[in-house]
Amino acid sequence: MLALITQQLRRRSARAVTLLAGVLVASMGFVLLTGSVDTSRLRVQATADANFRAAYDILVRPVDATSELEAQAGEVRPNFLSAQFGGITLEEWERIAALDGVEVAAPIAMLGYHRTDLWIDVDITESLDPALDQQLLRLDRTWTADRGLTQALDPGPDFVYVTKNRVLEPRKVPFSDGVMLEDGYLLDGEVLRIDTGGCQDSRPAAEILPLGDVLPLCRLDHYAHRADPLTSEGRDRLIVVEWREDGSFSTTGTGEVDHPKVGERAVIRIPWPTTLLAAAIDPASEAALVGLDSAMVKGDYLTADPPQVTDGHPGMDRVDIPMLVSSQPQTEESVRVDVGRLTMDAADLPGRTSADMEQQLPQVPVESLGSEIRDYATAYAGVVERDDFGVWFNRLQQADPPVYRPGTDVLRPGTTDQNTRNSWTTEVFLGEGVPPWLTRDTGFRQLYGTTELLASVGGNAVGTFDPGNVQEFSELSEVPLESYRPAAASGADERSRELLGERPWLPNSNPTGYLATPPQLLTNLASLDYLLHPASPQAAAPLSAVRVRVEGVTGLDDASQERVRQVAERIATGTGLTVDITVGSSPAPRQVEVAAGQFGRPDLLIEEHWTRKGAAVTLVQEADRKSVLLSGLVLLVCALFTGNLVAASVRTRRAELGMLACLGWSGRRLAALVLGEVAAVAATAAVLAAVLAPSLAGLTGLTVRPALVLLTVPLVVALALLAALGPALRAARIGPAGVLRPPVLAGRRARARRSVAALALANVTRVPVRAALAVLSLAVGIAALTFVTAVLWHFQGAAAGTLLGAAVTLEIRAVDIAAVALTVLLGAFALADVLYVGMRERDAELAVLRATGWSDRALTRLVLAEGALLGAAGAILGAAAGAGLVAWVVGALPTGVLATALGAAAGGVGLAMAASLFPVRLVRGLPLAALLSRQ
């Protein structure tokens, strides 16, 4: 038997070499692709391990802190803690920190937005007319944000009254914190009292007119009559400037404290109302978590010591809260100050009541004198970098998170109606400025005012930290708030990107806006008792979250994941709080459609990075899953290719096998002969593949396991025998009549074929099994193309729709392409082989066609038509199978997979026609005379 097998392989060397080449390619492809899959999986694992860890491994939040959207998608919006005020007690934090396995437990208590004023100086000296004894200027502020898309004119201008007459200031009486203004004026050593009943403030400045009359210069003091701070009546000011004979200027009503400023220039201090988010931390835990102590650029780091309490006003102690201040405003905003002169007789101003001026001054036309533009960062730095920077805490503002309307994958936050007066007004004035005018813009967060402290609680900066110097973790696995960065967004479509000037969209001073700033003022937990009113709901449970880092976590290995899981389980069972495992999280881009603003900003489609929890673990699981699928796909293609070649060999040897049956060979021996030939060729190809694959893998940088190489030989031989089993059984059924039976059976009834396409259809259906093999071979390749392309899309969208996933996808894309290319090419090769065998069996028929006048072009069209028919059937079947497999694996048929399937089908038809070119060459080279003489 062995001698006969060897003899048969020598006699039919062309077929043996073809089978050897096919099995060798399939074997090499299996070894290398499996090695590629292993290599890519190792890279996925390495990339995930290198980027799996963020600032913390577990996030502990209050009960019911998970939003409906987070529960559905497993994603957390950026800077979500900016809208989480309390819910965890200090005792619960202490229990968490004491658990075994907890390396760091860093609490944070979001307190709310503190409104304060930045200050900018505007020099109006060059705008003054020296010829006028009295003149009245107007300074208007236009707030600009959202990369210039928002332009909001503040309704409260500054009116600057400049006079060359003498101006008197109210008497000043010393007290513990400075000086206090009292009724009356000192004139030549005597107390002068005038009628100020028409003034909102009973202690305004007064002007001595040329005739000796002393008239009040009533202020526009919104604090005195409790006007709504978001209306013109609650925001405008009257500033008085005395232009002295020596050329100097004495300016009053322009600073935090209403005392005159004297200088050689007329400089007006203009307030820039803003809000700063305040939070409380544990200094030691925050230093261990993100290295906040190493981010200091000025002053000292926080300690855990309680605030200092000193004597202040009678019955009211003064509390000095230690603070860290961010050196970066993390806010994008600017202001344009327009300077103009009112076209009225300024001499009519002295003696007019506040109500009269409030009503008439805004209506007076203005002659423009110029404008200046200032940016927020400069104003912020000018205030917070002062050594004496401090704030007064009385009533903070807190904002709810945005609420997203249900809909498509694009998120749509709803807008809110604001009760601004209730949110911002206070019973006691402790230095708060007016709210930012941008608060009147479209709001996406409901705003609330906290319970007033009604106490002298001041925040004093002990140091300044730079958020950019906070310890950085991988950008592929960052979690919200880990680096105190703002929740920046970018345009998601071309229109939005153009509107934003190709720049990121940043928060502004509006706490109700869609984007929120991170904390800019930090204090310690010991200050909470003084910053939260006992009646506040947050007082009993002040902490917003606890961020936990687990000991002994080194990667995404099973042991590390188990450590994290055990600690998370202990926290959940011990506290009942919401516990999320964040190890392996990664930013996931989400599109958000933001409604238009009220000050000119159009609606925007933005993209912001939400945090997908556990993305790295999913990536590794998906990589394992895809590795198995790709390896199985390669094995399937190998089996079909081998089976097709063996089936073709059996069909061409029917007469020979029938002769052996006539000589007494049993069906079992005939089957053994076929299987023996296949085993010999497969073993030779497998051994060659095992020898060549490691060297080729080394050249391409792949990792091939020795065990896989050794397994290749028996696996390929077994696979080839399994694929050849069907043709071998058919060979066993060939009896002596096989000598006389033609390879192609005639149809039941001859019918005229009047077109090339009809004749091609008849030819491909004359041997249904062979046609089915060709169709199935190509269908597997097209199914592979459809499936792997769709799997790659799903890998990016479902498992890797994150920054970490995007990085991992780059590592595996080459393997996917190689797998698809090999399966499709093997399928096309199998189809070409089927066409070749068919042409050989029908060579006499083709010779007759040529003898009766068919041209080479007509015969070429016939072969190409047969290839196109087989290709169309295989392409459609493969595309449908690939789409169905995607739906089965993914659980749905994602948008775009159908388009991928149609494209793959069209490519399959083209590839089949290209594979038909080899049989075309055979047709054109047929020996016409020899074939006709044989017939």
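The opening position of the sequence shown corresponds to residue 116 in the working numbering, with each subsequent residue numbered one higher. Just so it is clear, CB atoms sit at the ideal spot from N, CA and C, and this is done for glycine as well. Quick caveat, the model's predicted, so the values are computed rather than measured.
Following the continuous alpha helix (DSSP H) through residue i, name the residue where it begins and the one where it ends.
i: A875; result: 871-879
i: Y491; result: 491-499
i: M459; result: M459 -> no alpha helix (DSSP H), and no H or E assigned at all.
i: G1023; result: 1012-1030
i: A514; result: Careful: A514 lies outside any alpha helix (DSSP H), inside the beta strand (DSSP E) at 512-514.
i: D471; result: 469-475
Name the DSSP beta bridge partners of residue i, please?
i: D255; result: D453
i: H229; result: L391
i: E487; result: V452
i: I173; result: V663, I696
i: V191; result: T726
i: V440; result: T579, L636
i: S400; result: In DSSP, S400 forms no bridge with anything.
i: M411; result: F580
i: T366; result: V356, K376
i: M433; result: For the sequence presented, residue 433 should be read as Arg rather than Met. The partner list for R433 (beta bridge, DSSP) reads T425, S571.
i: Q706; result: E722
i: P386; result: W234
What whole-angstrom Cβ distance do residue i and residue j have, given they're in contact under 8 Å?
i: P344; j: P550; result: 6 Å
i: I239; j: V217; result: Going by Cβ atoms, the distance from I239 to V217 rounds to 60 Å, so no, they are not a contact pair.
i: E190; j: R727; result: 5 Å
i: S651; j: A224; result: With 8 Å as the limit, S651 and A224 do not qualify as a contact, their Cβ atoms being about 12 Å apart.
i: L562; j: S538; result: 5 Å
i: D515; j: A180; result: Not quite, the Cβ-Cβ distance comes to about 13 Å (not below 8 Å), so this is no contact.
i: T693; j: R230; result: Contact flag wrong, Cβ pair sits at about 31 Å.
i: N623; j: E567; result: 26 Å between Cβ atoms; not a contact.
i: I354; j: T366; result: 7 Å
i: R262; j: L719; result: At roughly 10 Å, the Cβ-Cβ gap does not stay under 8 Å, so R262 and L719 are not in contact.
i: L985; j: A1027; result: 6 Å
Just the C-alpha distance for residue i and residue j, rounded to the nearest angstrom, thanks.
i: L134; j: V796; result: 7 Å
i: V499; j: F714; result: 29 Å
i: R848; j: R784; result: 11 Å
i: G564; j: A631; result: 17 Å
i: E613; j: S486; result: 27 Å
i: E357; j: E322; result: 9 Å
i: L283; j: A320; result: 6 Å
i: A776; j: A886; result: 27 Å
i: P388; j: S347; result: 14 Å
i: F580; j: E609; result: 37 Å
i: I410; j: P582; result: Per the sequence presented here, residue 410 reads as Ala, with Ile not at that position. When rounded, the distance between both Cα atoms is 7 Å.
i: T880; j: I696; result: 60 Å
i: G455; j: E473; result: 18 Å
i: A570; j: A576; result: 19 Å
i: V939; j: N878; result: 24 Å
i: A914; j: A188; result: With a pLDDT of only 37 at A914, under the threshold of 50, the placement of this residue in the model should not be trusted; the figure read from the coordinates follows. Cα to Cα, A914 sits roughly 12 Å from A188.
i: P1034; j: E981; result: 11 Å
i: P633; j: G227; result: 11 Å
i: L937; j: L893; result: 12 Å
i: W507; j: I436; result: 9 Å
i: V525; j: G466; result: 60 Å
i: Q249; j: L324; result: 11 Å
i: V895; j: G942; result: 7 Å
i: S592; j: G791; result: For S592, the predicted structure reports a pLDDT of 43, less than 50, and the residue's modelled location is therefore unreliable. The matter cannot be settled from this model.
i: E305; j: G299; result: 10 Å
i: R334; j: E185; result: 52 Å
i: I173; j: V679; result: 8 Å
i: L404; j: V661; result: 11 Å
The beta strand (DSSP E) that contains residue i, what's its start and end?
i: D215; result: Unbroken run through D215: none, as it is neither H nor E.
i: V178; result: Premise fails: V178 is in no beta strand (DSSP E) and is neither H nor E.
i: D532; result: No beta strand (DSSP E) contains D532, which DSSP labels as neither H nor E.
i: Q85; result: Nothing in the structure corresponds to residue 85, since the chain is present only between 116 and 1050.
i: R281; result: 281-283
i: Q266; result: 265-268
Subject >> Whole runs of the alpha helix (DSSP H) within the region 311-352, excluding any shorter than 4 residues >> reply: 337-340
Subject >> beta strand (DSSP E) segments (min. 3 residues) lying fully within the region 605-664 >> reply: 636-639
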